[in-house]
Every structure is written in structure tokens, then in C-alpha cells.
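In our numbering, the protein residues as written are 1 to 55.
Note that the Cβ used here is the ideal one computed from N, Cα and C, for glycine as well.
Here the structure is a predicted model, which is why all the values come from computation and not from measurement.
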């Protein structure tokens, strides 16, 4: 468990966005008709397995 507090400012956030813009892909959000039918709610899956890392 991490117990250290880290303060971020807007420049940290902007730098992280620049890194992610280059390295992260936009991945699709698809409706799962099977899970929707089983739960009674609309279930969507975010396909993060399509990232370059295959996560």
C-alpha cells in the first residue's frame, strides 16, 4: 500500500496527457447483448485488450 501523498499540478497533468496521446490508443466501447440480457441493465465492454500492451 502506498502511504506517501503526492501533489500534482496542471503541468504534471498536461505532461501525462502528452505521453498518453502518443502511446495509448482509443479503444472501442461495445455493448454486450449477452450480459445485458442476463442483468436487465445495459452492459458495455471497454476493449482495453486492443491497447499496444494488450492489457
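What separation, rounded to the nearest whole angstrom, lies between the Cα atoms of residue i and residue j?
i: residue 21; j: residue 52; result: 13 Å
i: residue 23; j: residue 41; result: 33 Å
i: residue 38; j: residue 13; result: 39 Å
Locate the alpha helix (DSSP H) running through residue i, then write down its first and last residues.
i: residue 26; result: Premise fails: residue 26 is in no alpha helix (DSSP H) and is neither H nor E.
i: residue 37; result: 33-39
For the candidate residues the options, whose alpha-carbon lies nearest to that of residue i?
i: residue 49; options: 25, 31, 8, 38; result: 25
i: residue 46; options: 33, 34, 29; result: 29
Where do the N-terminal and C-terminal ends of the beta strand (DSSP E) with residue i fall, by residue?
i: residue 45; result: 44-46
With 8 Å set as the bound, which would you pick, yes or no: does the beta-carbon of residue i sit closer than that to a beta-carbon of chain B?
i: residue 18; result: Here chain B cannot be found, since the structure has a single protein chain.
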